[in-house]
Amino acid sequence: MIKTVFRNTKFIGFLAASTAAITYGLNPFFGIPLYQEGLTPFSVLFYRFSMAAILMGIVTVLRKSSFSLPRDCRIPALFAGILMALTCIFWFLAFKIMDSGISAALLFVYPVMVAMIMAVFFKDPPALSTVAGMIMAITGAVIICLPGSGARVNTAGVIYIMLSALTYAIYIVAVKTTKLREMQPETLTFYAMLFSLPVFLIFLRGGIDLQMLPSFKAFVNAACLAIFPSMLSFLMTAVAIRFIGATETAILGALEPVTAVTVGVCFFNEALTLKLAAGTLIILIAVTIVICSNNKSAEKKI
Numbered sequence: 001m002i003k004t005v006f007r008n009t010k011f012i013g014f015l016a017a018s019t020a021a022i023t024y025g026l027n028p029f030f031g032i033p034l035y036q037e038g039l040t041p042f043s044v045l046f047y048r049f050s051m052a053a054i055l056m057g058i059v060t061v062l063r064k065s066s067f068s069l070p071r072d073c074r075i076p077a078l079f080a081g082i083l084m085a086l087t088c089i090f091w092f093l094a095f096k097i098m099d100s101g102i103s104a105a106l107l108f109v110y111p112v113m114v115a116m117i118m119a120v121f122f123k124d125p126p127a128l129s130t131v132a133g134m135i136m137a138i139t140g141a142v143i144i145c146l147p148g149s150g151a152r153v154n155t156a157g158v159i160y161i162m163l164s165a166l167t168y169a170i171y172i173v174a175v176k177t178t179k180l181r182e183m184q185p186e187t188l189t190f191y192a193m194l195f196s197l198p199v200f201l202i203f204l205r206g207g208i209d210l211q212m213l214p215s216f217k218a219f220v221n222a223a224c225l226a227i228f229p230s231m232l233s234f235l236m237t238a239v240a241i242r243f244i245g246a247t248e249t250a251i252l253g254a255l256e257p258v259t260a261v262t263v264g265v266c267f268f269n270e271a272l273t274l275k276l277a278a279g280t281l282i283i284l285i286a287v288t289i290v291i292c293s294n295n296k297s298a299e300k301k302i
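Under this note's numbering, the first residue of the sequence shown is numbered 1, with each subsequent residue one higher.
If you want it as structure tokens, here you go:
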């Protein structure tokens, strides 16, 4: 029975999407301590992605995957790398100036953007159950974004998050709708990370403004950023998109703000209110609805 479960591509896709969301929600856990040691978002992200690219290259070698980048994938891969870089830049700028849990909740508007892009430009409307789950998840996110007294929310942070959500939505759709979907996930992730580095160097004036890691603790946090919310998260995103599609992968990203809220409250003394708890619970229910409804649909097709 266990073998049957793991052969189920839907199950693999949901597991990968959940892993991607949870690990991506760990960005503040490893990023905020680096801010506290005086590093700028651009320095943090350069170290994160340069380490992640090296690690992803090692994984590609160990899996004996090809480093070959087909001609018709070169431009899309470059585009994916730029989008990946911008997504992270905007979010890191946001949780530097507002609560990480709230910024992660706001980021969750990206499933709506994914669904709209797929429906309008690719004639691929989401299933009714997916729409219902999406509405519930967005409702939960809105509740989280109105947390009450003691929480930091500001206009600049909200703008950064909206831009992060948009670039991430476009990234997911690009992976789903271009030749990138035919690449091995580890090869795609390696090149996307590699092509993101020039973007950070532009903001760092070619490396002139790059700050040195000030301590061993900073190195560990940068390495963890490279492993969990970078290499593992984007790799699992590519796997999930292949098996369950762009919209469902985006919906399961609801686990990301849940993770970020938990991290913010437990480790960075961010305010925990009734609204935050209620919004988080609604998001978890929404994710459960999407998973269960898709599993039933898969069983009917068998």
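We put the beta carbon where it would ideally sit given N, CA and C, even for glycine. These numbers were taken from a predicted model, which means no experiment stands behind them.
- Within the model, the alpha-carbon separation for residue 231 versus residue 211 is close to 22 angstroms.
- Relative to residue 112, the option among 181, 66 and 141 whose CA is nearest is 141.
- Between the beta-carbon of residue 84 and that of residue 171 there is about 6 angstroms, and that keeps the pair under the 8 angstroms contact cut.
- Between residue 21 and residue 104, the alpha-carbon positions lie close to 11 angstroms from each other.
- Here residue 247 is actually not in contact with residue 26; their C-beta atoms are around 24 angstroms apart, not less than 8 angstroms.
- Annotated as proximal: residue 236 and residue 19, with beta-carbon spacing under 7 angstroms.
- Between the alpha carbons of residue 92 and residue 31 lies a gap of roughly 8 angstroms.
- In the structure shown, residue 36 adopts helical secondary structure according to DSSP, grouped into three states.
- Here the alpha carbons of residue 157 and residue 40 stand approximately 16 angstroms from one another.
- When Cβ pairs closer than 8 angstroms are counted between the two stretches, the region 49-65 is seen to touch the region 220-231, the count reaching three or more.
- Burial check for residue 77: the Cβ neighbour count within 10 Å reaches 16 or more, so the residue is buried.
- Going by DSSP, residue 154 is part of no alpha helix (DSSP H) at all; its letter is neither H nor E.
- With a 10 Å radius around the Cβ and a threshold of 16 neighbouring Cβ atoms, residue 265 comes out buried.
- DSSP places residue 237 within a helical segment (H, G or I) once states are collapsed to three.
- The Cβ neighbour count for residue 61, taken over all protein chains shown within 10 Å, is under 16; the residue is labelled exposed.
- Per DSSP, the unbroken alpha helix (DSSP H) holding residue 197 starts and ends at 185-203.
- In the assembly as shown, residue 274 is an exposed residue. Its beta-carbon has fewer than 16 other beta-carbons within 10 Å.
- Within the model, the alpha-carbon separation for residue 242 versus residue 44 is close to 30 angstroms.
- Straight-line measurement puts the Cα of residue 114 at about 15 angstroms from the Cα of residue 178.
- With 16 or more other Cβ atoms inside 10 Å of its own Cβ, residue 33 counts as buried.
- Nearest Cα to residue 69 within the set 99, 108, 188 and 256: 188.
- Given a length threshold of 3 residues, the region 11-80 has no whole run of the beta strand (DSSP E) inside it.
- Its Cα nearest to that of residue 218, the residue 47 stands out among 42, 47, 159 and 12.
- Comparing alpha carbon positions, the residue from 267, 108 and 126 closest to residue 143 is 108.
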